[in-house]
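Chemist: Per this note's numbering: the sequence shown = residues 57 to 532.
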Amino acid sequence: MSTKVKQKNLNNDSSQPHFQGSIWKNLIVISIPVAIYLIFKHLTSAVDYFIVGAATKNINVNSAITLMKQIGRVFQAIAMGLGGAGVILVAQEYKKNNKEKAQEYVTLAFLFSIILSLLIAVVFYIGAIIPNFDLFLPVEHRAEGGSSCYNIQLISFVFMTINVVFIGIERAKNKTRFVFFLNILNISTRVLFAFGYKWLRPEGQVDIVDLQLATLFSDLLITFIAFYFMFFNKKNDTRLNFKKLKFSSEVLKKFAKLSGGLVVGKATYEAGKSVVNTLTTKFYEPGLLGIAGLAALVNGIVYSLSQSFEDGQSVMVSQEASNRDSRKTLKIFKNVFVITTILGAVGILVNQLYGETLLKFFKPTETFSLEEIQGFKTVLFYDQLSLFTSVWASMIMGYIISYNKSAKVSFWMNLLRVSLRISLLSILFFTTEINHYQQFGWSTAGSNIIVLIVVTVIFVKFIKKSHNESAKQKIN
């Protein structure tokens, strides 16, 4: 499984207190809430595969779920970019205690995000109805509920963008409990709606459209809450105020520049993975993508735990980096390296001993052929290498991002990763005769290994430079 590096804590105030006590203790305290959220979120993917089961409406239902989920992640990344631009500007003014300016930026961010999300939704809708054009939605998946599912995703995308603005602003106001509640409410509501369809529909009649409707309703619920707080809650000091709204060309340029950079940075990796999925449906048998999605689902359980410690590292390094002492931040990195290495070993044991059992648990009504079981084991074998390669690469990039407050390395490495993945998949398909599942697995593992080597070289150079800067500061 590959993952993109999340750009977090880039705007932390250098005056924040440094962490006291054991690094291990701080890491665990920070990471446990994140781990709970990430695992809970990951397991909602299992709900989709579990509920649809051996439905009769979709011929290749597992592949359809995997494909549509990745398209959804592209929309989510774009929404994060569009909404994130406004949040950054609002947060800057709010931390300066400039409430009037912050309120003006909130209103602008709200309008700017809605207008752009609607325009993007129209572009993606037109792109998906062009005959024989697979970039947005593969033609072969349009007839199996894919078009309806895709259109519902576009509607959800607009609501999601509004939610990103609202939740991001609440996070900037340090309302972490409220933000955590909203995220859990969103996930829980989606799961409840999905199971509601399972209970109401005749056996085997739940399809991917039902699952996407569950997502739409859960996003809409958060949007209703957002509208209440942004329009009607008088205690909210960042309510929308259209009377004092000013359309400054300078501010609009800031929004455009920030949102453009964030969208490109966040969506590049997810869009690349979507292209890989489309190529997979073109190159190989219809069921391979579904098996790959199930392998990623099993491997992702422990992977989510490792991600939480990556996030913990980002928080600690970001706050400790203000004194430019690379030795302290390196100790944090080494601790996280040990933790993720142990988790990687545990993940491999779980995958090898219980992988097939988990597969049948997630798909209890489906009978897999011997070829599919063997294919699942093959893809899982290569996918589990990401517990080391992808996790370590993300750790390194996260360290550099948190220390330097710049996400350029993340963008270029994610671009390299997806480019390698697409290239390797194509080369293996056209030039080798090895098993299709091995081709798919090698494309994932190969791209992750190469990226890890590249970021390790960058990391070594970065550490040497940071150490030299620390030494100069001490002399001065």
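All C-beta atoms in this analysis are idealised placements derived from N, C-alpha and C, irrespective of residue type, glycine included.
Determine the DSSP secondary structure at Pro258, reduced to helix, strand or coil.
Modeler: Coil.
Chemist: Could you give the DSSP three-state label for Lys517: helix, strand or coil?
Modeler: Lys517 falls in the helix class under three-state DSSP.
Chemist: Under DSSP, the alpha helix (DSSP H) around Gln375 begins and ends at which residues?
Modeler: Where Gln375 is concerned, the enclosing alpha helix (DSSP H) stretches over 344-376.
Chemist: Roughly how many angstroms lie between the CA atoms of Val235 and Ile278, to the nearest whole one?
Modeler: If I take the Cα positions, the gap works out to 11 angstroms.
Chemist: Could you pull out every residue in the same chain whose Cβ sits closer than 7 angstroms to the Cβ of Val406, ignoring the five residues on either side in sequence?
Modeler: Cβ within range, chain order: Val358.
Chemist: If we count the other Cβ atoms within 10 Å of its Cβ and call it buried at 16 or more, is Trp498 buried or exposed?
Modeler: Buried is the call here.
Chemist: Just to confirm, are Ile347 and Gln369 a CB contact at a threshold of 8 angstroms?
Modeler: Not a contact, by the Cβ cut-off of 8 angstroms.
Chemist: Would you report the Cα separation of Ala111 and Phe180, rounded to the nearest angstrom?
Modeler: With a pLDDT of only 48 at Ala111, under the threshold of 50, the placement of this residue in the model should not be trusted, and no figure is reported.
Chemist: Which of the three DSSP states, helix, strand or coil, is assigned to Asn65?
Modeler: Low confidence applies here, because Asn65 scores a pLDDT of 42, under 50, leaving its location unreliable; read the following figure in that light. Here Asn65 sits in coil by DSSP.
Chemist: By Cβ distance below 6 angstroms, which residues in the same chain neighbour Phe222 in space, the five residues on each side in sequence not counted?
Modeler: If we look at Phe222 and ignore the five residues flanking it on each side, its Cβ neighbours are Ala282.
Chemist: With distance defined between alpha-carbon atoms, name the residue in Lys81, Ser101, Phe496 nearest to Phe432.
Modeler: It is Phe496 whose Cα lies nearest to the Cα of Phe432.
Chemist: I'd like to check one pair, Ser274 with Arg246: are the Cβ atoms closer than 8 angstroms?
Modeler: Their beta carbons are under 8 angstroms apart, which means Arg246 touches Ser274 by this criterion.
Chemist: Measure the CB-CB distance between Phe365 and Ile452 and report whether it falls below 8 angstroms.
Modeler: Contact: no.
Chemist: Measuring alpha carbon to alpha carbon, tell me which of Thr271, Asn230, Asn188, Tyr206 ends up nearest Phe215.
Modeler: Taking only the C-alpha atoms, the option nearest Phe215 is Thr271.
Chemist: Taking the CB atoms as reference points, tell me whether Phe592 and Gly142 lie closer together than 8 angstroms.
Modeler: Outside the shown range of the chain (57 to 532) lies residue 592, about which nothing can therefore be said.
Chemist: Helix, strand or coil, according to DSSP, for Arg383 in the structure here?
Modeler: Of the three classes helix, strand and coil, the one that applies to Arg383 here is helix, per DSSP.
Chemist: Could you please give the first and the last residue of the uninterrupted alpha helix (DSSP H) stretch that includes Ile541?
Modeler: What is shown of the chain runs 57 to 532, which leaves residue 541 out entirely.
Chemist: Identify every run of the alpha helix (DSSP H) within the region 442-472, keeping only runs that are complete inside it and at least 4 residues long; order them along the chain.
Modeler: Here the runs fully enclosed are 445-460.
Chemist: Below 8 angstroms CB to CB, which residues in the same chain sit around Gln126 once its five sequence neighbours on both sides are set aside?
Modeler: The answer, listed in chain order, is Glu326, Lys329, Ser330, Asn333.
Chemist: Which one of Val307, Leu441, Ala449, Leu241 has the shortest CA to CA distance from Leu508?
Modeler: When only C-alpha atoms are compared, the closest one is Ala449.
Chemist: What three-state label does DSSP hand Gln302 in the structure shown?
Modeler: The residue you asked about is not Gln; residue 302 is Lys in the sequence shown. Lys302 falls in the coil class under three-state DSSP.
Chemist: How many whole angstroms separate the CB atoms of Ser442 and Asn504, which I take to be in contact at a CB cut-off of 8 angstroms?
Modeler: Contact flag correct, Cβ pair sits at about 6 angstroms.
Chemist: Given a cut-off of 8 angstroms, decide if Lys254 and Ile107 are closer than it, judged by their beta-carbon atoms.
Modeler: Yes. Within cutoff.
Chemist: How long is the line joining the alpha carbons of Pro194 and Ile182, rounded to whole angstroms?
Modeler: Using only the alpha carbons, I get a separation of about 14 angstroms.
Chemist: Measure how close the beta-carbons of Leu83 and Val435 come, nearest whole angstrom, since I'm counting them as under 8 angstroms.
Modeler: Incorrect: roughly 31 angstroms between the Cβ atoms, too far for contact.
Chemist: Alpha carbons only, please: which of Lys97, Trp468, Leu480 is nearest the one belonging to Asn242?
Modeler: Nearest C-alpha to Asn242: Lys97.
Chemist: When you compare only the Cα positions, how much space is there between Phe339 and Lys81?
Modeler: Approximately 48 angstroms between the Cα atoms of the pair.
Chemist: Do the CB positions of Phe418 and Leu350 come within less than 8 angstroms of each other?
Modeler: Closer than 8 angstroms, so yes.
Chemist: Let me confirm a value: Asn230 is counted as buried when at least 16 other C-beta atoms fall within 10 Å, else exposed. Which label applies?
Modeler: Exposed: under 16 other Cβ atoms inside 10 Å.
Chemist: State whether the region 394-410 contacts the region 455-469, with contact taken as three or more CB pairs (one from each stretch) at a distance under 8 angstroms.
Modeler: As far as the Cβ criterion goes, the region 394-410 does not touch the region 455-469, which means the pair count is below three.
Chemist: Inspect the CB distances between the region 461-481 and the region 413-429 and report whether three or more fall short of 8 angstroms.
Modeler: No: fewer than three Cβ pairs fall under 8 angstroms.
Chemist: By how many angstroms is the C-alpha of Leu276 removed from the C-alpha of Ser304?
Modeler: Near 31 angstroms, if we compare the C-alpha coordinates of Leu276 and Ser304.
Chemist: Of all the options Gly137, Tyr455, Gln375, which has the alpha carbon lying nearest to the alpha carbon of Thr217?
Modeler: Cα-wise, what sits closest to Thr217 is Gly137.
Chemist: Can you tell me where the alpha helix (DSSP H) with Pro89 in it begins and where it stops?
Modeler: Segment 79-108, the alpha helix (DSSP H) holding Pro89.
Chemist: Could you tell me which of Tyr455, Val465, Ile506 sits nearest to Ser479, measuring between CA atoms?
Modeler: Ranking Tyr455, Val465, Ile506 by Cα distance to Ser479 puts Ile506 first.
Chemist: Determine the direct distance from the alpha carbon of Ile176 to that of Gln209, and round the result to whole angstroms.
Modeler: About 12 angstroms.
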